[in-house]
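Trainee: The C-terminal residue of the sequence shown carries number 207 in numbering that gives the first Met the number 0, and the numbering is unbroken.
Shown below is the structure under consideration.
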Amino acid sequence: MTTIGIFGKKIGMTQTFDSNGEVVPVTLVKADACQICQIKTVETDGYNAIQVGYIAEKLSKISKPLQGHLEKSGAKGYRKFGEFRVDNPDDYTLGVELTAASFSPGQKVRVTGTSIGKGFAGNQKRHNFSRGPMTHGSKNHRLPGSIGAGSTPGRVYPGKKMAGQLGNKKITIKNSEILFVSSEENILVLKGSLPGKVKNILKISVTG
Numbered sequence: 000m001t002t003i004g005i006f007g008k009k010i011g012m013t014q015t016f017d018s019n020g021e022v023v024p025v026t027l028v029k030a031d032a033c034q035i036c037q038i039k040t041v042e043t044d045g046y047n048a049i050q051v052g053y054i055a056e057k058l059s060k061i062s063k064p065l066q067g068h069l070e071k072s073g074a075k076g077y078r079k080f081g082e083f084r085v086d087n088p089d090d091y092t093l094g095v096e097l098t099a100a101s102f103s104p105g106q107k108v109r110v111t112g113t114s115i116g117k118g119f120a121g122n123q124k125r126h127n128f129s130r131g132p133m134t135h136g137s138k139n140h141r142l143p144g145s146i147g148a149g150s151t152p153g154r155v156y157p158g159k160k161m162a163g164q165l166g167n168k169k170i171t172i173k174n175s176e177i178l179f180v181s182s183e184e185n186i187l188v189l190k191g192s193l194p195g196k197v198k199n200i201l202k203i204s205v206t207g
């Protein structure tokens, strides 16, 4: 279960150095303006969770029902909402703003985002298949090969690795380490790469 979580915008990648002088690739994430808009419990909703609003929006551009929902928690206007499952909803307060300061260096977090879409791709690029001979006389350069038997089973099994859409999928990175937290800039510096391109929204949570 989640103990704390926010939504942030991917800024990009850079590098830093550890205590041994080794290069460490890092990703910078700008924590968005996040606020707890609703606290869900087993008694009222069937499960324990906190609803977090992110990506600020003018109240004039938000529907009346949503404005009423936000007024209950005293939250500002938000365009998007997400949830984090929690063990004890009593540990959270309505209307509290969540920032990068909620995290600390050394914490391991779970990061979820949408991978970069790369369009229609063949087997070699999509599934790392080996290609055929490229020499004269070969008719199998980048063909997929056999996709099944004959009249038995008489069909292609579901899930067969074939050419198709590559990327643009929900990806979760587990145990990504926070190396640095800038409370003033509201920025998290995480070790390694994270899914998606620059300006993509990432869901970051600490699991207990």
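The C-beta atom is built at its ideal place from N, Cα and C for all residues, glycine as well.
These numbers come from a predicted model, not from an experiment.
Are the stretch 91 to 109 and the stretch 35 to 50 touching by the rule of at least three beta carbon pairs closer than 8 angstroms?
Mentor: Short answer: they touch.
Trainee: Count the other CB atoms within 10 Å of the CB of Phe83; is the residue buried (16 or more) or exposed (fewer)?
Mentor: Numbered from its first residue, the sequence shown carries residue 83 at position 84. It is buried - the Cβ of Phe83 has at least 16 other Cβ atoms within 10 Å.
Trainee: Exposed or buried, which one is Phe6 when buried takes at least 16 other CB atoms within 10 Å?
Mentor: For the purposes of this step, residue 6 is taken as residue 7 along the sequence shown, with counting starting at 1. Buried.
Trainee: I need the straight-line Cα distance from Val188 to Pro132, nearest angstrom please.
Mentor: Position 189 of the sequence shown, counted from the first residue, corresponds to residue 188. Position 133 of the sequence shown, counted from the first residue, corresponds to residue 132. Distance between the alpha carbons of Val188 and Pro132: 45 angstroms.
Trainee: Under a Cβ-count criterion, where at least 16 other Cβ atoms within 10 Å of its own Cβ denotes burial, should Gln50 be classed as buried or exposed?
Mentor: Residue numbering aside, residue 50 sits at position 51 when the sequence shown is read from its first letter. Answer is buried; the Cβ neighbour count reaches 16.
Trainee: On the CB-based measure, 16 or more other CB atoms within 10 Å of its CB, does Asp89 come out buried or exposed?
Mentor: The sequence position of residue 89 within the sequence shown is 90, counting from 1. When all chains shown are included, Asp89 counts as exposed.
Trainee: Relative to the alpha-carbon of Asn167, which residue among Ile115, Ile177, Gly153 has its alpha-carbon at the smallest distance?
Mentor: Within the sequence shown, the letter at position 168 stands for residue 167. When each option's Cα is compared against that of Asn167, the closest is Ile115.
Trainee: Excluding the 5 residues preceding and the 5 following Ser137 in the sequence, name in chain order all residues of the same chain whose CB lies nearer than 8 angstroms to its CB.
Mentor: For the purposes of this step, residue 137 is taken as residue 138 along the sequence shown, with counting starting at 1. So the list reads Gly131, once near-sequence residues are dropped.
Trainee: Quick check: what's the CA-CA separation for Val110 versus His135?
Mentor: What you label residue 110 is simply residue 111 of the sequence shown in a count that begins at 1. What you label residue 135 is simply residue 136 of the sequence shown in a count that begins at 1. About 48 angstroms.
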